[in-house]
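Just so we're aligned, residue 4 is where the sequence shown starts under my numbering, counting upward by one. Step one of this worksheet: look at the structure below.
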Amino acid sequence: KQKRTSKDVFSLERTMKLIAQHEDIFWPEETIETLRFTSRVFIRNQEGKYAFLRIVGEDFLGIRNHLETCGGGVEEDETFLEAAIREVEEEIGYTAKNYHLLGCIIDRLNPIQRMTCSVFFVADADEQLDETNRTEEEKILIDQVVWLSPDEAIRQFRHAESKVDAWVHRRDLRAFIYLLENQY
């Protein structure tokens with residue numbers, strides 16, 4: 004495999020749509036010390052339903068009981084699209100096709116002094132794999148994969164039981180509404 008430069012890994016950044024930029028209104032302000040890049044994917048099946056992760060449990064941010072898009076950090080020498088493809092296979096156990104770039108959401112998470120640039124894609128579910136390849140933390144926090152209609156997803160995104168639920172739902176709801184409004 005040929006080694007990529009940072010120019011290659013972040014080349015999408017020059018033409019990417021900024022969907023939203025969110026300040027952290029849930030926790031006290033902290034100085035931002037790190038910047039993280041993630042890829043997130045709305046996977047759509049033939050019935051027009053979308054796959055979401057049901058996250059439950061507790062971590063340093065509090066009690067979690069929320070929906071979340073499939074996705075995670077972009078690894079070294081990986082493009083946003085490569086990260087999106089990998090995360091779909093690892094977290095929901097599917098391959099997908101017809102990836103389309105939606106844009107990004109930049110948000111702050113004060114408790115960990117981090118700003119995140121989440122790049123969102125939409126793709127069509129293709130083949131279900133025999134298994135997922137989740138990290139140990141994902142095995143603990145991911146309760147299940149749920150397939151929801153757009154109305155069901157929006158209803159669930161508008162409800163939050165904790166600060167961390169509200170933080171995740173705000174990001175993913177904004178990207179999901181952008182997807183639906185632009186008919187991807």
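A virtual CB, placed ideally from N, CA and C, is assigned to each residue, including glycine.
*For T41, I'd like the list of residues in its chain whose CB is within less than 8 Å of its CB, leaving aside the five on either flank, ordered along the chain.*
G74, G75, G76, V77, A86, T119, C120, S121, V122
*asked:* Per DSSP, what are the beta-bridge partners of Y53 in this structure?
replied: R47, L151
_A163 versus V59 - alpha carbon distance_ = 12 Å
*Quick one: what does DSSP say V77 is sitting in, helix, strand or coil?*
coil
*T135 vs E71 beta-carbon contact at 8 Å*: no
_Suppose the cutoff is 8 Å on Cβ atoms and the five residues either side in sequence are ignored; what does the same chain contact list for G65 look like?_
S165, K166, V167
*Residue range of the beta strand (DSSP E) that Y187 falls in?*
Here Y187 belongs to no beta strand (DSSP E), and DSSP marks it neither H nor E.
*Pick helix, strand or coil for R137, following the three-state DSSP scheme.*
coil
*Taking all protein chains shown into account, do 16 or more other C-beta atoms lie within 10 angstroms of the C-beta of H172, making it buried, or fewer, making it exposed?*
buried
_Let's see if you can read the secondary structure: which residues bound the beta strand (DSSP E) around A23?_
21 to 25
*Following the continuous beta strand (DSSP E) through I35, name the residue where it begins and the one where it ends.*
Unbroken run through I35: none, as it is neither H nor E.
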